[in-house]
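In our numbering, the protein residues as written are -4 to 217. Just so it is clear, CB atoms sit at the ideal spot from N, CA and C, and this is done for glycine as well.
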């Protein structure tokens, strides 16, 4: 038995085939390269179809598919919202993936923050823990929360969307797209704030001046 996993992020899709002991094969990453909306959904479906073919040719029985997305999954409809993927507002991701998946193989979609928490409880730092919190910082910011062995989803399935946590007044229009905390402290936010600082400080002659400002990212900060 095996499970296919797709980790859909704001800039890439990571994928692999996992076995019950935590080992994996065919670990791959594909960059989104500016794709939006249905283009991202089609890329995810193409990756899934390829993994299903690899499993079939390798005589690996796939009994489930797990998908995490950088946003909210509406549990009643399986549609998704992801602020870092333009066009993913009530997007029918489940239907897109179902179209390339044989009958009898279940597809489970959840927020990345929740999936990361599951992973830590299965094979990571939260193993044997009944209650834990996982904070994810990448293109966005989110928290997966498990209490007494149960994942918390909250009203409208948005619990753990910590990127939208307010920090201090005044409210700025820029927060509308990603949230206040995420605007400052996510991977994208850190890079953007550093670019702003370098532009503003004309006297700065440090290491970050060695590359075009538009190419400075959070990787350069750390």
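By Cβ distance, which residues of its chain are closer than 7 Å to residue 212, with the 5 residues on each side in sequence left out?
The residue given as residue 212 occupies position 217 in the chain shown. If we look at residue 212 and ignore the five residues flanking it on each side, its Cβ neighbours are 186.
Assuming residue 40 contacts residue 94 under a Cβ cut-off of 8 Å, what Cβ separation, rounded to an integer in Å, is found between them?
Position 45 of the chain shown, counted from the start, is the residue given in the question as residue 40. Position 99 of the chain shown, counted from the start, is the residue given in the question as residue 94. That belief holds up - the Cβ atoms of residue 40 and residue 94 are roughly 7 Å apart, short of 8 Å.
Proximity of residue 8 and residue 19 at Cβ, strictly below 8 Å
Locating residue 8 in the chain shown gives position 13, where the first residue counts as 1. Locating residue 19 in the chain shown gives position 24, where the first residue counts as 1. In this structure, residue 19 does not lie closer than 8 Å to residue 8 by Cβ.
Just list the alpha helix (DSSP H) runs in the segment 173 to 208, keeping only unbroken ones of 4 residues or longer that don't cross its boundaries, in chain order.
175 to 180 and 182 to 195
Own chain residues within Cβ distance below 7 Å of residue 77, not counting five before or after
Within the chain shown, numbered from 1, the residue matching residue 77 stands at position 82. 64, 65, 66 and 83, listed in sequence order.
Could you tell me the alpha carbon to alpha carbon distance between residue 85 and residue 151, rounded to whole angstroms?
For this step, residue 85 is matched to residue 90 along the chain shown. For this step, residue 151 is matched to residue 156 along the chain shown. Distance between the alpha carbons of residue 85 and residue 151: 13 Å.
Through-space distance from residue 173 to residue 128, alpha-carbon basis:
Here residue 128 is taken as the residue at index 133 of the chain shown, counted from 1. Here residue 173 is taken as the residue at index 178 of the chain shown, counted from 1. The straight-line gap from Cα to Cα measures roughly 21 Å.
Short of 7 Å in beta carbon distance, which residues of its chain neighbour residue 137, apart from the five on each side in sequence? Order them along the chain.
As a first step, residue 137 must be located in the chain shown, where it is residue number 142. Cβ neighbours of residue 137 beyond the five flanking positions: 106, 107, 108, 131, 155, 156, 157 and 158.
What's the C-alpha gap between residue 47 and residue -2?
By 1-based counting over the chain shown, the position of residue 47 is 52. By 1-based counting over the chain shown, the position of residue -2 is 3. When rounded, the distance between both Cα atoms is 10 Å.
Helix, strand or coil: which one does DSSP assign to residue -2?
Position 3 of the chain shown, counting from 1, holds the residue named residue -2. Residue state, collapsed to three classes: strand.
Need the endpoints of the beta strand (DSSP E) that residue 160 sits in, please.
As a position in the chain shown, residue 160 is number 165, starting the count at 1. Unbroken run through residue 160: none, as it is neither H nor E.
Could you check where the alpha helix (DSSP H) with residue 216 kicks off and where it finishes?
The sequence position of residue 216 within the chain shown is 221, counting from 1. That run of the alpha helix (DSSP H) goes 213 to 216.
C-beta contact flag for residue 36 and residue 91 at 8 Å
For the purposes of this step, residue 36 is identified with residue 41 of the chain shown, where counting begins at 1. For the purposes of this step, residue 91 is identified with residue 96 of the chain shown, where counting begins at 1. Result yes, Cβ atoms of residue 36 and residue 91 sit closer than 8 Å.
According to DSSP, what are the bridge partners of residue 104?
Counting from one through the chain shown, the residue named residue 104 turns up at place 109. In the DSSP output, where bridge partners are listed per residue, residue 104 has 62.
Determine the direct distance from the alpha carbon of residue 122 to that of residue 96, and round the result to whole angstroms.
On the chain shown, position 101 is the one that residue 96 refers to. On the chain shown, position 127 is the one that residue 122 refers to. Near 31 Å, if we compare the C-alpha coordinates of residue 122 and residue 96.
Own chain, CB closer than 8 Å to residue 118, minus 5 neighbours either side, in chain order:
The count along the chain shown starts at 1 and reaches residue 118 at position 123. Taken in chain order, the residues that qualify are 17.
For residue 244, does the three-state DSSP call read helix, strand or coil?
Residue 244 cannot be examined here, being either before or after the span of the chain that is shown, -4 to 217.
Apart from the five residues just before and just after residue 68, which ones in its own chain have a Cβ nearer than 7 Å to its Cβ?
Position 73 of the chain shown, counted from the start, is the residue given in the question as residue 68. Closer than 7 Å at the Cβ level, and outside the excluded window around residue 68, lie 75, 104, 105, 106 and 152.
How far does the beta strand (DSSP E) with residue 26 in it extend, from its first residue to its last?
Within the chain shown, the letter at position 31 stands for residue 26. Residues 19 to 26.
Helix, strand or coil at residue 133 [DSSP, three-state]
Working through the chain shown from its first residue, we reach residue 133 at position 138. Of the three classes helix, strand and coil, the one that applies to residue 133 here is coil, per DSSP.
Give me the DSSP bridge partner(s) of residue 86.
Against the chain shown, residue 86 aligns to sequence position 91. 75, per the DSSP bridge assignment.
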